[in-house]
Amino acid sequence: MSFVTPLWPPQASAYAEQVDRLFLGFSALTVLLVLPVFILIGIFALKYRRGRDVDRTHRTRGSVWLETSWAAGPFLLVLGFFAWGVALYVDAQTEPVGALEISGTAKQWMWKFSHHPGGQREINELHVPAGEPVKITLTSQDVIHSLYLPALRLKQDVLPGRYTTLSFTADRPGTYALRCAEFCGANHAVMGGRIVVQTPRDYAQWLSRSGADKSLAERGKLLFRQYGCSGCHGPASSVKAPDLAGLYGRPVSLESGETIIADDQYIRDSILFPHRAIAAGYPPIMPTFRNVIEEEDLIALTAFIRNTRAEDWREEE
1 MSFVTPLWPP QASAYAEQVD RLFLGFSALT VLLVLPVFIL IGIFALKYRR
51 GRDVDRTHRT RGSVWLETSW AAGPFLLVLG FFAWGVALYV DAQTEPVGAL
101 EISGTAKQWM WKFSHHPGGQ REINELHVPA GEPVKITLTS QDVIHSLYLP
151 ALRLKQDVLP GRYTTLSFTA DRPGTYALRC AEFCGANHAV MGGRIVVQTP
201 RDYAQWLSRS GADKSLAERG KLLFRQYGCS GCHGPASSVK APDLAGLYGR
251 PVSLESGETI IADDQYIRDS ILFPHRAIAA GYPPIMPTFR NVIEEEDLIA
301 LTAFIRNTRA EDWREEE
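Structure, rendered in structure tokens:
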């Protein structure tokens, strides 16, 4: 049994390696810039201390070249590291095409994940395939949390009433820590779990073993009827309400004159705060489902609206 704490957390992705290189490089730059200054201060303090018989008559009063170089050199070096950091940040924030989509919900004091499209659900554990891009859409049921994956060198705040996303590609199979990095209450310290990176074959086997009765979109289809949504938004409805067939990803004109894209956040707000962004040409008659619909049901409804085609809506009637 080793009693030595590793200097670095394990690296589960190429991105983690790049972050560590940036950190090491910037640390080396700091030493390179600071150490000579302290060495010279020590030398001069000893050489010219009071009581020593040292010639002090030929002191340099100033050097434009030295002062300019000492200001410009470190500035350019730090600017280079800044550009390096920006490139890594942009890489982490860019959502990959064709990523495996997973919904994550934070709640005092646990993490809940739902897999698309199979609907598999996990608590405090997240299974992902190695070498494949993953996108997690996150929200909170209560307070602000923060999903922290040390082995991936990634952290994303999780906010109540909003969606945030975290994208990554884990390359190395293994089991790694999953933490909450935002103080969220008395049991914040125990709000953790693990992320299990598996080979594609093992991940497929895990999916088959953990198969849900219905996919997330199929659950959403049932909830669409149970909550009475089809009564107003179905194709045969006599109520003047927006047609949701093929809505996701399209621009929506609002009564205010603005145009927004129908994404996850828009669908969520339309269900919980229907009068916040009223579609142009429609009366504001939809009731709010705030404090009525559970967060997991909201995620399932969003998945149904996101993945359903116009012909699927006609099947509802």
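Quick note: the sequence shown uses UniProt numbering, first residue 1, plus one each step. Quick reminder that beta carbons are idealized off the backbone N, C-alpha and C, glycines included.
If you run the structure through DSSP and keep just helix, strand and coil, what is residue i?
i       : result
Glu-294 : coil
Gln-265 : helix
Ser-208 : helix
Leu-147 : strand
Pro-129 : strand
Asp-53  : coil
Phe-44  : helix
Gly-192 : strand
Ala-279 : strand
Trp-109 : coil
Lys-221 : helix
Asp-157 : strand
Glu-162 : Reading the sequence as shown, one finds Arg at residue 162 and not Glu. Residue state, collapsed to three classes: coil.
Gln-198 : strand
Leu-7   : coil
Thr-30  : helix
Val-134 : strand
Phe-168 : strand
For residue i, which residues in the same chain have their Cβ closer than 7 Å to its Cβ, ignoring the five residues on either side in sequence?
i       : result
Trp-206 : His-127, Gln-198
Phe-304 : Ala-217, Gly-220, Lys-221, Phe-224
Leu-154 : Ala-92, Leu-166, Phe-168
Compare the beta carbon distance of residue i and residue j with 7 Å and say whether it is the shorter of the two.
i       : j       : result
Ser-114 : Leu-178 : no
Val-158 : Leu-147 : yes
Ile-267 : Thr-308 : no
Ser-13  : Leu-152 : yes
Glu-182 : Ile-136 : no
Is it right to say residue i is buried, meaning 16 or more other beta carbons lie within 10 angstroms of its own, or is it exposed?
i       : result
Trp-8   : exposed
Phe-168 : buried
Gly-185 : exposed
His-116 : buried
Gly-104 : buried
Where does the unbroken beta strand (DSSP E) through residue i begin, and where does it stop?
i       : result
Thr-175 : 174 to 180
Leu-244 : First-last for Leu-244: undefined, no H or E at that position.
Pro-251 : 251 to 253
Within a Cβ cutoff of 6 Å, which residues of the same chain sit near residue i, ignoring the five residues on either side of it in sequence?
i       : result
Gln-11  : Glu-17
Ala-106 : Ser-140, His-145, Val-158
Does residue i get closer than 7 Å to chain B when you measure Cβ to Cβ?
i       : result
Arg-250 : The structure shown contains no chain B; it is built from a single protein chain.
Got a sec, what are the start and stop residues for the alpha helix (DSSP H) residue i sits in?
i       : result
His-233 : 230 to 233
Glu-122 : That residue, Glu-122, is in no alpha helix (DSSP H); its beta strand (DSSP E) goes 121 to 123.
Pro-74  : 64 to 93
Excluding five sequence neighbours on each side, which residues of the same chain lie with their C-beta closer than 8 Å to the C-beta of residue i?
i       : result
Asp-269 : Arg-276, Ala-277
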